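Novice: Heads up: the protein sequence lines correspond to chains A, B and C, in order.
Here this note's numbering is used: position 304 in the first sequence is 304, and no number is missing along the way.
Here this note's numbering is used: position 4 in the second sequence is 4, and no number is missing along the way.
Here this note's numbering is used: position 79 in the third sequence is 79, and no number is missing along the way.
Quick reminder that beta carbons are idealized off the backbone N, C-alpha and C, glycines included.
All of these numbers come straight from a predicted model, not from anything done at the bench.
A single structure is presented below for examination.
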Amino acid sequence: MVSPALLIAVPLGLAFAVPLIGLASRKAAQYVPVVASLFNLVVSVILIPQALDGPIVVHIGGFGPPFGIMLFAGPVGLFMSTLVALAGFIVSIYAIASIKTGPTTRYHTLYLLLLIGATGLVLTGDIFNLFVFFEILTISSYALVAYHGDRGGLEAAAKYLVQGAVGSSLILLGIGLLYGLTGTLNMASIAAAVGPVTSVSVFVAMALIVVGLGVEAAIFPLNAWLPDAHSSAPSTISAILSGIAIEVGLYAVVRVVFTVFGASSMLLFLAFLAVLTLLVGEMCAFAQHNIKRMLAYSSIGQIGLILFAVALASSASVAAGLFQLLSHTLSKVVLFLAAGYMIHRSGSTEISSLEGMGMRMPLTSLAFAVAAFSLVGLPPFAGFPSKFLIIRTAVAQQGALFLVLVGLVLFGTVIEGTYFFRVVQAIFFKKRDSQPARDEAPALALVPMFLVVALIIAIGVYPDAITGLLDSAAAELLERAQFIRSVLG
Amino acid sequence: MTFLHNYIYYIGALGLVLIGLLIVLAKHNLIKVIIGLSILDTGINLFIIAVGYIREGTAPIFSEPGLEPGRMVDPVPQALVLTSIVIGVAILALALGLAVKLHKEYGHLDLRKIKELRW
Amino acid sequence: MRTTVSIVLLAVVILGFGLSLLDVPFAERKSQIGDYYIVNGRDQTGATNIVTSVVLDYRGFDTLGEITVLFVAALGLGAVMAAAGGRRERPSTTEPPSLVLRTGTNVLFPLLILFGVYIFVHGHLTPGGGFQGGAIIASAFLLVYLCCRERRINLARKTAADSLGGIVFVGLGLVGLAVGSRYFLSDFLPKGSLDTLFSAGMIPIIYIAIGIKVGAELAGVIDDLLEETE
């Protein structure tokens, strides 16, 4: 019987050991994140069948609620931690090939710590612990954005840091207020004490915490840092930030709103914000010439789509939102990794410089195209069932208002299709005057990309393989009373 | 007057938070913004400690055998603030490192002019 | 325009927050868990400093996260600073430190280290603990940097102290998972008798590990920041 605490403890021990390992051999240090994320992937998958029966509640230190900290490894937590471990594993293999300059030992340690922060955040059942792991996640991402040391990276990191630090302070203010109101820090105890959100004080606490978490989740209008940060970071970090960090931030927002506060009145407002985020993201992405900035804005749009699905708050729509989250993580990771080598070979981040890449780097371009088609929502890729389910559950909601929102969402999807097709067209169908020789990315970069491509196709063809898990996860998020009972008994 | 006497700590902490947020929003020198972040952190820590205070209470340390548990302040906010101060220091250190590097690159720290990345 | 919007938003936030503070009466008992810790802390953890027992025993997981945050920041700072070049010998363009400073440092450095060690070794008995002791030790190193610019800390030893401190903490947690009451971070060592140095199970051991780790880390942070200035 493995304990979910191992998901955090073992990688953390390894992370503390990496500087020591790096002193002995720089090459050995780059394999540690691979090993750690593989361990997490295996343990998370092993724990999933048990969590489907009933959530695993781990009492750290042996103290019962609300006196100790607990980990709540239910279907949602293990789904997210599997996703984090999978993306972490894939990107860490790619990083062995692509991170060659600079203080590489520190890069690998920071990268592993980012993954640990994300894993801890999705598994915890205590609100102050959520804040601590959130800080681990964000501070390591501030440092990693500036890793290359160039002007763009430093500026993006500084602005990200200032906005993120203000957000964190707001979360802490909200937690302090919440402790003053309820007298406990355990999420289930707070949920039991708070009831539905009625009084002003509880609403203020919730608003502060949601705004603070929303900075990391990149919800409009808190996402000003994202295009700069995701485009100036090294490609592996862009992939992890877009693929994991903002999703985990969104999970934190959803967990706080649904489970801790039970705020059903906020949901319409969140749906509006989500559609606004979607439209802003897709329209700005359409206007971009820089491929990484385009992908960054596309992430903002996708977060809007996921939040829209979740804010509809029916079990089918939440499951669809989680499916879209999975699809986005897989696609965005491949897109950034493929773009990384394409930029490296062509020497520039402009989309126009990618013309003819289909000839020069056929495998990489194929991976990019598959991921792009999946994100837009074409069958037989993973993005198709997820988008289809979102539209279907949204239309099933009563009310003309929802039809308007669905219309806007579809409009955003059309724009998304346009700019992605533009890029794919440039890669495959524009010929350059001189035909450069085939100059494919190294195997260490291709293998992880194609592993994910295979997964995208597999999930697209057999979506039922994971819908069981997603339905349980949706039920866990929505059924607040069940959550409280599982923890407090 | 008793209202003020009771709530002075909250008002002071909120004042620090307000000043910190104002500095971060209004100033454009990175060092001043970092100082604003530090003031914001201090205000929040003060607020959390004030939440934990219990009238006529002493520190929750049984330094002599005769102390009764009933007259001690809440230890939980103190533990929270301990963690929060360390996290604040961590962010501050990283921010200052970035500021030093930015100064090396640009020669100044005016955030309005550090706009390498265009829209 | 931007300033007016931010000031209006700020006013709304502060007003709303101020109103909600009326629900948090000052100096009244409002915690579900505080009293439990004070009443049961001595028996369940063996420490007389209840804040320490909350920090390291009841909420030890948060402390683990906290040392990780500091670790991340020190690493991040090192990574950001290292992006340009390695260690260089700094030319001395300032006037050499005075005799008073150098003699004072010779006397104070061992005293400061001793004081820091005292603070974190007695963390379960008196106010203080690993972080406070570690900060004092780092200030001792800062004093050395102020007086004798040519001395640098040994990077290999600093990395070793840093990493080993963290590994000891996580390792003790994992041992707790394997033996004793089989929970991660459970206190499996004997509690000893109250108010003595060798009491409170693994709390002093963890605080010693944290103290050494934080001292080494903060000294490394000072070293990194020092490199950039000439």
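(1) Measure the C-alpha to C-alpha separation of P33/A and T109/A and round it to an integer number of angstroms.
(2) Got a sec? Which residues, its chain only, sit under 6 angstroms from L14/A by beta carbon, not counting five neighbours each side?
(3) Tell me which residues share the same chain as G412/A and place their Cβ nearer than 7 angstroms to its Cβ, disregarding the 5 neighbours each side in the sequence.
(4) Output yes if chain B places a C-beta closer than 8 angstroms to the C-beta of L173/A; else output no.
(5) May I ask you to list the residues that DSSP assigns as paired with T124/A?
(6) Quick one: residues in its chain with C-beta nearer than 7 angstroms to the C-beta of V424/A, no 5 flanking neighbours on either side, listed in chain order?
(7) According to DSSP, simplified to helix, strand and coil, what is N129/A?
(8) In chain C, which residues lie with their C-beta within 8 angstroms of the C-beta of G97/B?
(9) Can you pull the chain C neighbours of I60/A, defined as C-beta to C-beta under 8 angstroms?
(10) Could you work out which residues of chain C lie near E135/A, taking near to mean beta carbons separated by less than 8 angstroms?
(11) Just to confirm my understanding: we take V81/B, look at its own chain, exclude 5 residues before and 5 after, and list those with CB closer than 8 angstroms. What are they?
(12) In chain order, what residues of the same chain have a beta carbon less than 8 angstroms from the beta carbon of L222/A, not counting five sequence neighbours either side?
(13) Using a beta-carbon distance below 8 angstroms, is G18/C in contact with chain B?
(14) Output, in chain order, the set of chain A residues within a Cβ distance shorter than 9 angstroms of K30/C.
(15) Please classify P55/A: is it buried, with 16 or more other beta-carbons within 10 angstroms of its beta-carbon, or exposed?
(16) Run through DSSP, which three-state label would E350/A get?
(17) Would you call the segment 146-166 of chain C in contact with the segment 77-94 of chain B, where contact means no fewer than 3 C-beta pairs closer than 8 angstroms?
(18) Which chain C residues sit within Cβ distance under 7 angstroms of L112/A?
(19) Would you please state the rounded distance, in angstroms, between the beta carbons of A338/A and A367/A? I believe it to be under 8 angstroms.
(20) Mind checking which residues open and close the beta strand (DSSP E) that includes I56/A?
(21) Assuming L470/A contacts L267/A under a Cβ cut-off of 8 angstroms, what Cβ separation, rounded to an integer in Å, is found between them?
(22) Does the CB of L154/A have a neighbour CB from chain B at under 8 angstroms?
(23) Check each candidate in F286/A, F420/A, A382/A and name the one with the smallest Cα separation from D464/A.
(24) Could you tell me whether the Cβ of Y118/C comes closer than 8 angstroms to any Cβ of chain A?
(25) Using a 10 Å radius around the Cβ and a threshold of 16 neighbouring Cβ atoms, would you call S98/C buried or exposed?
(26) Applying the 10 Å Cβ sphere with the 16-neighbour rule, what's the burial state of V55/C?
(27) Could you tell me whether the Cβ atoms of L477/A and T259/A are closer together than 8 angstroms?
(28) Applying the criterion that 16 or more other CB atoms from any shown protein chain within 10 Å of the CB defines a buried residue, is F89/A buried or exposed?
(29) Less than 6 angstroms between C-beta atoms, sequence neighbours within five positions excluded: which residues of the same chain meet that for I99/A?
(30) Quick check: what's the CA-CA separation for L326/A versus Y9/B?
(31) What separation, rounded to the nearest whole angstrom, lies between the Cα atoms of G65/C and V57/A?
(32) By how many angstroms is the C-alpha of S81/A removed from the C-alpha of L330/A?
(33) Who are the Cβ neighbours of I210/C in its own chain at under 8 angstroms, not counting the five residues just before and after it?
(34) Beta-carbon within less than 7 angstroms of L125/C's beta-carbon, same chain only, minus the 5 sequence neighbours each way: which residues are those?
(35) Could you give the distance in angstroms between the alpha-carbon of A233/A and the alpha-carbon of L77/C?
(36) Of all Cβ atoms in chain A, is any one closer than 8 angstroms to the Cβ of D41/B?
Specialist: From the atom records:
(1) Their backbone Cα atoms lie some 8 angstroms apart in a straight line.
(2) V32, A36
(3) L278, L279, E282, G301
(4) yes
(5) L71/A
(6) A369, A372
(7) helix
(8) Here the neighbours are G76, L77, V80, M81, D224, L225.
(9) G60, F61, Y183, F184, L185
(10) Those are G65, V69, listed as they occur along chain C.
(11) N45, I48, I49
(12) Q163, G167, V211, G214, V215
(13) yes
(14) Y179, G180, L181, T182, G183
(15) buried
(16) strand
(17) no
(18) Result: empty, since nearest Cβ-Cβ is about 10 angstroms, beyond 7 angstroms.
(19) 5 angstroms
(20) 56-59
(21) About 19 angstroms; that fails the 8 angstroms criterion.
(22) yes
(23) A382/A
(24) no
(25) exposed
(26) Under this definition V55/C is a buried residue.
(27) Going by C-beta atoms, L477/A is nearer than 8 angstroms to T259/A.
(28) By the 10 Å Cβ count, F89/A comes out buried.
(29) Taken in chain order, the residues that qualify are Y107.
(30) 46 angstroms
(31) 19 angstroms
(32) 14 angstroms
(33) T63, I67, F120, G129, G130, F131, G134, G165, F169
(34) Cβ within range, chain order: T48, N49, D195.
(35) Looking at the two C-alpha atoms, the distance is approximately 16 angstroms.
(36) It does: the Cβ of D41/B has a partner Cβ on chain A nearer than 8 angstroms.
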